[in-house]
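K.L.:
Numbering (the UniProt record's numbering), first residue to last: 1 to 303.
Cβ coordinates follow ideal geometry from the N, Cα and C atoms, glycine included.
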Amino acid sequence: MTTSTTAPDRIGIDLGGTKIDAIVLADDGRVRFEKRVSTPRTYDAILAAIAGMVREAQEHAGAGATIGVGAPGSVAPRTGLWRNANILDCNGKPMPADIEQLLGRPVRLENDANCFALSEAHDGAGAGHGVVACFTIGTALGGGLVIDGQVRHGPNNEAAEFGHTPMPWPNDSEWPLIPCFCGKAGCVEQYVSGTGLTRDYAKVTGVALKGPDIVAKARAGDDMAKAAIDRLADRLARLTAAIVNVVDPDIFVIGGGLSGLPELVEELGLRAGRYAFSGAASVKVARARHGEKSGVRGAARLW
Ligand SMILES: [Zn+2]
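(1) Confirm the yes/no value for this check: CB of Glu189, any heavy atom of ligand 1, distance under 7 Å.
(2) Could you tell me if the beta carbon of His164 falls within a distance shorter than 7 Å of some heavy atom in ligand 1?
(3) So does Lys184 have its beta carbon nearer than 7 Å to some heavy atom of ligand 1?
(4) Mind checking who Arg36 pairs with in its DSSP beta bridge?
(5) Three or more C-beta pairs under 8 Å: does that hold for the segment 222 to 237 against the segment 96 to 107?
(6) Check whether the Cβ of Cys180 sits closer than 7 Å to any heavy atom of ligand 1, and report yes or no.
(7) Do the segment 207 to 218 and the segment 170 to 189 make contact, defined as three or more Cβ pairs closer than 8 Å?
(8) Looking at the unbroken beta strand (DSSP E) that takes in residue 306, where does it start and where does it end?
(9) Whose CA, out of Gly52, Asp248, Arg271, Ala140, lies closest to the CA of Gly104?
(10) Just reading off the alpha helix (DSSP H) that Leu103 is part of, what are its end residues?
(11) Within this structure, are the beta carbons of Asp14 and Asp112 separated by less than 8 Å?
(12) So the candidates are Arg30, Ala76, Ala65, Gly298; which of them puts its Cα closest to the Cα of Ala159?
(13) Does the structure place the segment 255 to 269 close enough to the segment 59 to 76 that three or more beta carbon pairs sit under 8 Å?
(14) For Thr2 and Trp303, I'd like the C-alpha separation in whole angstroms.
(15) For Val285, which of Ala45, Pro176, Glu120 has the nearest alpha-carbon?
(16) Just confirm the distance between the C-beta atoms of Val188 and Leu239, as a whole number of angstroms; I'd bet it's less than 8 Å.
(17) Contact defined as beta carbons within less than 8 Å: I believe Ile23 pairs with Glu34. What is the distance between those atoms, to the nearest angstrom?
(18) Between Asn271 and Val54, what straight-line distance do the alpha-carbon atoms span, to the nearest angstrom?
(19) Quick check on Thr5: buried or exposed, where buried means 16 or more other Cβ atoms within 10 Å of its Cβ?
(20) Do you know whose CA, among Gly154, Lys93, Leu81, lies nearest Asn114's CA?
(21) For Pro94, I'd like the list of residues in its chain whose CB is within less than 7 Å of its CB, leaving aside the five on either flank, ordered along the chain.
(22) List in chain order: all unbroken alpha helix (DSSP H) runs of 4+ residues lying wholly within the segment 222 to 251.
(23) What is the DSSP secondary structure of Gly295, reduced to helix, strand or coil?
(24) Looking at the structure shown, is Arg10 part of a helix, part of a strand, or coil, going by DSSP?
(25) Please name the residue in Asp250, Ala233, Arg83 whose C-alpha comes closest to that of Met167.
(26) Between the C-alpha atoms of Val192 and Val107, what's the straight-line distance to the nearest angstrom?
(27) Leaving aside the five residues before and after Arg36 along the sequence, list all residues of the same chain whose C-beta is less than 6 Å from its C-beta, in chain order.
Right, dumping it as C-alpha cells:
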C-alpha cells in the first residue's frame, strides 16, 4: 500500500499486563489502524502476539514503516536483558533481540511510561515545554522525563524511575515503610498507585476494596474513603515537590487510571508548590491529552 505522506508510517505496540495495543500512526498524526488483544500468559505467547499484531498493522501501513514497542520494565544496558517488569515472564529475557529476530526487522523497545512521556511531550499536554515530567498512575506508578524532545535514559537506563524513589518526608501514616517488589522498602509506588490506595484504605478501615470502589464510596460521602484519597493526593504532591527540587520541570503531565480523579490532579500544583524548597513554587500540572492511547502513540514515536 502506498501513502500520501513522505515520512514512513509508524507502527506502535504497547504491551501491558492485561492487554496489548497496536497502532499505525501516519506522519501527520492520523491513526490508520488500531487493535487491542488480551495479554497472553507466557513469554513465547506474548512475543507471538506482538509479532502477529505487527504483521496485521503492516497491512495498513506504508512501505518502510518503523516499529516501536513499549513495555513495563527496561533493558539492562550491559546484558541486553529485560528487567523490572511486572509481567514477570519477560524478566531476564533478551526481549528486544527476540522481537527483532521474530520479525526480521529493526525494532525499538522502550519503557512504557517513557513512551507515554514521549507522546505527551511531542503532541500532547506537554507540547512546547522543554522539560516534561510524567506520571502514569494506575495499578503501579510509572515515570518518564523528556528533555528537549528526548527521553532521558541516563547511563544506567534508570532515569525517571520516580515510583522507586523513597517516599519523601514520610509521616506517621506511612510507617513502617512498605516493602517493594524491587527489594527496597518505602518506594513511592507502594503508596501512590491503585494498589497503594487499596492497602492504605485497608490499613485504616480493615476493609479491602479496589480503587474504583474506594472512589465510589468517597463520591457517596464516605469520610474514610475521602481521607484515603486525600492521603494519596498528598503523597503525590510530596513526590512532585521532590522532583521540583531536583530538576524543576516546566510541566508535569499525569496519566493512568487514577488521573481521572480531580482530587489528584487539580490541586497538585498548589500542594506540590508548598512542599518544594521555597514553599511557594509555581508548579504546572496537566492531565494527559491522549489518555490511555499515549503509551501506544509514544511507542510509535520511538523512531
Ligand atoms: Zn521499589
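P.N.:
In terms of the structure at hand:
(1) Reading the sequence shown from its first residue, position 189 is the one you call residue 189. At least one heavy atom of ligand 1 lies closer than 7 Å to the C-beta of Glu189.
(2) In the sequence shown, residue 164 corresponds to position 164, counting from 1. Indeed, a heavy atom of ligand 1 lies less than 7 Å from the Cβ.
(3) Within the sequence shown, the letter at position 184 stands for residue 184. Relative to ligand 1, the beta carbon of Lys184 is positioned inside 7 Å of a heavy atom.
(4) For the purposes of this step, residue 36 is taken as the residue at position 36 of the sequence shown. Note: Arg36 sits in a beta bridge opposite Asp21.
(5) Segment contact: the segment 222 to 237 against the segment 96 to 107, fewer than three CB-CB distances shorter than 8 Å; contact not assigned.
(6) Locating residue 180 in the sequence shown gives position 180, counting from the first residue. It does: the Cβ of Cys180 is within 7 Å (strictly closer) of some heavy atom of ligand 1.
(7) Output reads no: the segment 170 to 189 does not touch the segment 207 to 218.
(8) The structure shown does not extend to residue 306, since the chain spans only 1 to 303, so no value can be given for it.
(9) One-based indexing of the sequence shown puts residue 104 at position 104. Looking from the CA of Gly104, the closest CA among Gly52, Asp248, Arg271, Ala140 belongs to Gly52.
(10) Walking along the sequence shown from the start, residue 103 turns up at place 103. It spans 95 to 103 - the alpha helix (DSSP H) in which Leu103 sits, taken as one unbroken run.
(11) Position 14 of the sequence shown, counted from the first residue, corresponds to residue 14. Position 112 of the sequence shown, counted from the first residue, corresponds to residue 112. In contact: Asp14 and Asp112 (Cβ atoms closer than 8 Å).
(12) Along the sequence shown, one-based indexing puts residue 159 at 159. Closest by C-alpha distance to Ala159, out of Arg30, Ala76, Ala65, Gly298, is Ala76.
(13) No, the segment 59 to 76 does not touch the segment 255 to 269.
(14) Here residue 2 refers to the residue found at position 2 of the sequence shown. Here residue 303 refers to the residue found at position 303 of the sequence shown. Bear in mind that the predicted position of Thr2 carries a pLDDT of just 49, short of 50, making it too unreliable to give a figure here.
(15) Taking the first residue of the sequence shown as position 1, residue 285 is located at position 285. Selected option, being the one with the closest Cα: Glu120.
(16) Taking the sequence shown and counting its residues from 1, one reaches residue 188 at position 188. Taking the sequence shown and counting its residues from 1, one reaches residue 239 at position 239. That pair is a contact at about 5 Å.
(17) By one-based count along the sequence shown, residue 23 stands at place 23. By one-based count along the sequence shown, residue 34 stands at place 34. About 5 Å separates the two Cβ atoms, so the contact holds.
(18) Numbered from its first residue, the sequence shown carries residue 271 at position 271. Numbered from its first residue, the sequence shown carries residue 54 at position 54. As written in the sequence, residue 271 is Arg, which differs from the Asn given in the question. So the two alpha carbons sit approximately 43 Å from each other.
(19) For the purposes of this step, residue 5 is identified with residue 5 of the sequence shown, where counting begins at 1. Caution is warranted here: a pLDDT of 46 is assigned to Thr5, below 50, making its placement in the model unreliable, and the coordinate value is therefore given only provisionally. Classification of Thr5: exposed, given that the 10 Å Cβ count is below 16.
(20) Translated into the one-based positions of the sequence shown, residue 114 becomes position 114. Per the Cα distances, Gly154.
(21) For the purposes of this step, residue 94 is identified with residue 94 of the sequence shown, where counting begins at 1. Gly80, Leu81, listed in sequence order.
(22) DSSP runs (the alpha helix (DSSP H)) wholly in the segment 222 to 251: 223 to 246.
(23) If you number the sequence shown from 1, residue 295 lands on position 295. Here Gly295 sits in helix by DSSP.
(24) Walking along the sequence shown from the start, residue 10 turns up at place 10. Three-state result, Arg10: strand.
(25) In the sequence shown, counting from the first residue as 1, residue 167 sits at position 167. The shortest CA-to-CA distance from Met167 to any of Asp250, Ala233, Arg83 is the one to Ala233.
(26) As a first step, residue 192 must be located in the sequence shown, where it is residue number 192. As a first step, residue 107 must be located in the sequence shown, where it is residue number 107. Between Val192 and Val107, the C-alpha separation is close to 32 Å.
(27) Numbered from its first residue, the sequence shown carries residue 36 at position 36. Result list for Arg36: Lys19, Asp21, in chain order.
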